[in-house]
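First to last, the sequence lines map onto chains A and B.
Counting in the numbering used here, the first sequence runs from 1497 upward without gaps.
Counting in the numbering used here, the second sequence runs from 186 upward without gaps.
Note that the Cβ used here is the ideal one computed from N, Cα and C, for glycine as well.
Working notes, beginning with the structure itself.
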Amino acid sequence: MSGLPVTEADLHAYVDGLLLPTRRVDIEDYLATHPEEFQRVNAFRAQNDALHAYFDSVLYEPLPGRLSGADTPHRSPWWLRIAAGMVIALVSGLGGWFAHSPKTTDTQVAQSATTELLPAVHQSTLAHEAAIAHVVYSPDSSHPVEIGADQEEQLVSWITKRLGSDVHPPKLAKLGYELIGGRLLPGQRGPVAQFMYHDATGQRLTLYVSTEQTQNKDTGFRFAQEGPVNVFYWIDGKFGYALSAGTDKAELARIASAVYEQLEHRP
Amino acid sequence: MPDGPTQLLSCIPRLRRYARALMGSRMEADDLVQDTIERGWRRMATWRRGSDMRVWLFGIMHNLHVDHLRKPVLSIEPLDENTPVPPVNPTQTARLEIRDLETALQQLPGEQRSVLLLVALEEMTYDEVAAALDIPLGTVMSRLSRGREKLRALMEGSTMASPLKVVK
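Written out as structure tokens, the structure is:
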């Protein structure tokens, strides 16, 4: 026992579990001989419990559209409003083409000629939307996907049906990435799909698939960086693909090549 | 440690829980959360990497909330088919509803409510609360003490009225 006088602050810290064990024993001794204080402390503890019981359910509510992505009439989603500010950063960050790094020269990257300078806004929108979808869903520990990889068949048929095109998640196990599952998201003109993968360390990777690229010409691989998220994206017919992750560019290029190859050689 | 934007997004559920308890209204609470995320996102560069994102964000939310309270304007909300119908409290039951924790909470002075919620619900240390609200530690402690006493009085006063509820 320390013999230090027990203060009001001590009692609150006791309630909130913020005391060192030795001091806690002091307070318990004190409370044993001060029934009124003991009652107060119990009432305060009950308040803490009641507040959690009453409000913790908010933690598990699905986020309303304007906080997560989908639009509502009340206010536009936060990320859309921010997006307006980010377009400039994006365009300047794009800096044109993804230059071959030594690690990727041997990949079968579909590199269209060399020249035309990017930022066709439509195309960079693909990267931008994919990056936003990545940062919104990939940190989610409880609901990262709508349908899990354990129901892959169902996932594929659902997404194929909603997108109106045959869309399969590529297999990336050889590269160390396993499918977690997928979800549908609102695109600019209709649904788009997001497949999520993770590696053994928990690093998440998302592949965003849009079927809305009829306005855009095919492209080779392009690279965009949106804050912490690196994105490789390309357009192939009406399909737009964007692969997003927090991993470095070379690693992501390697995965993007594998994805591209699988999509290309699919029967 | 996750980067700034990831941490920011992962704080959203906690910001919502606190805002809901602070404001009482779901719509207003989510407005406050939305404003907080936007301001946090724009000011990400001012967040000191490695410091506690949560304390920083709750500080932003607190300042927005205080600014909002200072504005002497009526809040205007567009009505459409998605607008929830406001709950109606018939006056004869209003007294009984004081039992409701949420009602009692709304009767606390705002400065006590903030401190109590950050401590009890958000489980911040007293130093973290002082940093988030930008007030001295002593003020945190006195507001916490007064807030808890007042809430206790409100809840106990109402408990005594509870037998009325079963009388038909």
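In whole angstroms, what is the alpha-carbon distance linking A:Ala1609 and A:Ala1749? In the first sequence, the residue the question calls residue 1609 of chain A occupies position 113. In the first sequence, the residue the question calls residue 1749 of chain A occupies position 253. At A:Ala1609, the pLDDT of 28 sits below 50, so the modelled position is not reliable; the number obtained from the coordinates is stated separately. Spanning the two alpha carbons is a distance of roughly 18 Å.
Among residues of its own chain, excluding the 5 on either side of B:Glu287, which ones have a beta-carbon nearer than 7 Å to its beta-carbon? Residue 287 of chain B sits at position 102 when you count from the first residue of the second sequence. So the qualifying residues of the chain are Gly209.
Look at the Cβ atom of A:Asp1452, then the Cβ atom of A:Leu1500, and state whether they are nearer than 8 Å. Within the shown structure, residues of chain A are numbered from 1497 to 1763, placing residue 1452 of chain A beyond reach of any answer.
Are the beta-carbon atoms of A:Ala1689 and A:Val1663 separated by less than 8 Å? Residue numbering aside, residue 1689 of chain A sits at position 193 when the first sequence is read from its first letter. Residue numbering aside, residue 1663 of chain A sits at position 167 when the first sequence is read from its first letter. Pairing A:Ala1689 with A:Val1663 gives a Cβ-Cβ distance under 8 Å.
For A:Pro1517 and A:Ala1542, the rounded distance between their alpha carbons: Numbered from its first residue, the first sequence carries residue 1542 of chain A at position 46. Numbered from its first residue, the first sequence carries residue 1517 of chain A at position 21. Their backbone Cα atoms lie some 21 Å apart in a straight line.
Against chain A: residues of the segment 211-226 of chain B by CB proximity under 8 Å: The residues in question are Met212, Asp215, Asp216, Val218, Gln219, Ile222, Glu223, Trp226.
Give me the Cα-Cα distance between B:Arg333 and A:Asp1506, rounded to the nearest whole angstrom. Looking up residue 333 of chain B in the second sequence gives position 148. Looking up residue 1506 of chain A in the first sequence gives position 10. Put simply, the backbone Cα of B:Arg333 is about 14 Å away from that of A:Asp1506.
Any residues in the segment 1535-1551 of chain A with a beta carbon nearer than 7 Å to a beta carbon of chain B? Which ones, in chain order? The segment 1535-1551 of chain A vs chain B, Cβ under 7 Å: Ala1539, Phe1540, Gln1543, Asn1544, Ala1546, Leu1547, His1548, Tyr1550, Phe1551.
B:Leu206 and B:Leu293 look like a contact to me (Cβ under 8 Å); what is the Cβ gap, rounded to whole Å? Position 21 of the second sequence, counted from the start, is the residue given in the question as residue 206 of chain B. Position 108 of the second sequence, counted from the start, is the residue given in the question as residue 293 of chain B. Note that residue 206 of chain B corresponds to Ala in the displayed sequence, not to Leu. B:Ala206 to B:Leu293, Cβ: 11 Å. No contact.
Skipping 5 residues on each side, what residues in its chain have a beta carbon closer than 7 Å to that of B:Val314? Taking the second sequence and counting its residues from 1, the one referred to as residue 314 of chain B is at position 129. So the list reads Val300, Leu303, Val304, Val325, once near-sequence residues are dropped.
DSSP three-state label for A:Thr1656, please. For this step, residue 1656 of chain A is matched to residue 160 along the first sequence. Three-state result, A:Thr1656: helix.
What are the residues of the segment 1642-1663 of chain A that lie near chain B, defined by any Cβ-Cβ distance shorter than 9 Å? Residues passing the 9 Å Cβ filter: none.
Flag B:Asp319 as yes if its beta-carbon sits less than 8 Å from any beta-carbon of chain A, otherwise no. Translated into positions along the second sequence, residue 319 of chain B becomes position 134. Interface criterion not met: the Cβ of B:Asp319 is under 8 Å from no Cβ in chain A.
For A:Gln1721, tell me which candidate among A:Glu1625, A:Leu1547, A:Arg1519 has the shortest Cα-Cα distance. If you number the first sequence from 1, residue 1721 of chain A lands on position 225. If we check each option's Cα against that of A:Gln1721, A:Glu1625 comes out closest.
Where the alpha helix (DSSP H) through B:His148 begins and ends: It is not possible to answer for residue 148 of chain B, since the shown part of chain B is limited to 186 through 353.
Just mark B:Ala289 as buried or exposed, buried being the case when its beta carbon has 16 or more other beta carbons within 10 Å. If you number the second sequence from 1, residue 289 of chain B lands on position 104. By the Cβ neighbour-count rule, B:Ala289 is buried, with 16 or more other Cβ atoms within 10 Å of its own.
For A:Glu1625, return the contacting residues in chain B, with the cut-off set at a CB-CB distance below 9 Å. Residue mapping note: residue 1625 of chain A aligns to position 129 of the first sequence, counting from 1. Annotation: A:Glu1625 has no Cβ neighbours in chain B at a cutoff of 9 Å; minimum Cβ distance is about 15 Å.
Going by the CB atoms, is the gap between A:Phe1735 and A:Val1848 shorter than 8 Å? Absent from the structure is residue 1848 of chain A, since the part of chain A shown begins at 1497 and ends at 1763.
What number of angstroms, rounded off, separates the C-alpha of B:Arg337 from the C-alpha of A:Arg1536? Sequence index remark: in the second sequence, residue 337 of chain B carries index 152 (1-based). Sequence index remark: in the first sequence, residue 1536 of chain A carries index 40 (1-based). If I take the Cα positions, the gap works out to 9 Å.
Cutoff 8 Å: A:Pro1682 Cβ touching any chain B Cβ: For the purposes of this step, residue 1682 of chain A is taken as residue 186 along the first sequence, with counting starting at 1. Chain B, which has no Cβ nearer than 8 Å to the Cβ of A:Pro1682, makes this no.
Classify B:Met340 as helix, strand or coil using the three-state DSSP reduction. Stepping through the second sequence from its first residue, residue 340 of chain B is reached at position 155. Looking at B:Met340 - three-state DSSP - the assignment turns out to be helix.
Please list the segments of the alpha helix (DSSP H) lying wholly inside the segment 1661-1749 of chain A, counting only runs of 4 or more residues, in order along the chain. Scanning the segment 1661-1749 of chain A from its first residue to its last, no whole alpha helix (DSSP H) run of 4-plus residues comes out.
Could you give the first and the last residue of the continuous alpha helix (DSSP H) run that contains A:Ala1546? Along the first sequence, read from residue 1 onward, the residue named residue 1546 of chain A stands at position 50. Segment 1531-1551, the alpha helix (DSSP H) holding A:Ala1546.
Count the other CB atoms, across all protein chains shown, that sit within 10 Å of the CB of A:Asn1538; report buried if there are 16 or more and exposed otherwise. Here residue 1538 of chain A is taken as the residue at index 42 of the first sequence, counted from 1. Exposed: under 16 other Cβ atoms inside 10 Å.
Are the CB atoms of A:Arg1562 and B:Arg219 within a distance shorter than 8 Å? Stepping through the second sequence from its first residue, residue 219 of chain B is reached at position 34. Stepping through the first sequence from its first residue, residue 1562 of chain A is reached at position 66. For the sequence presented, residue 219 of chain B should be read as Gln rather than Arg. Yes. Within cutoff.
Just tell me which of B:Val240, B:Tyr203, B:Trp226 has its CA closest to the CA of B:Ala317. Against the second sequence, residue 317 of chain B aligns to sequence position 132. Between B:Ala317 and the set B:Val240, B:Tyr203, B:Trp226, the nearest pair of CA atoms involves B:Val240.
Which residues bound the alpha helix (DSSP H) around A:Val1511? Looking up residue 1511 of chain A in the first sequence gives position 15. In the DSSP assignment, A:Val1511 falls within the unbroken alpha helix (DSSP H) covering 1504-1511.
What residues of chain B sit near A:His1508, judged by a beta carbon separation below 9 Å? Here the question's residue 1508 of chain A lines up with position 12 in the first sequence. What A:His1508 touches in chain B: Val304, Tyr311, Met326, Leu329, Ser330, Arg333.
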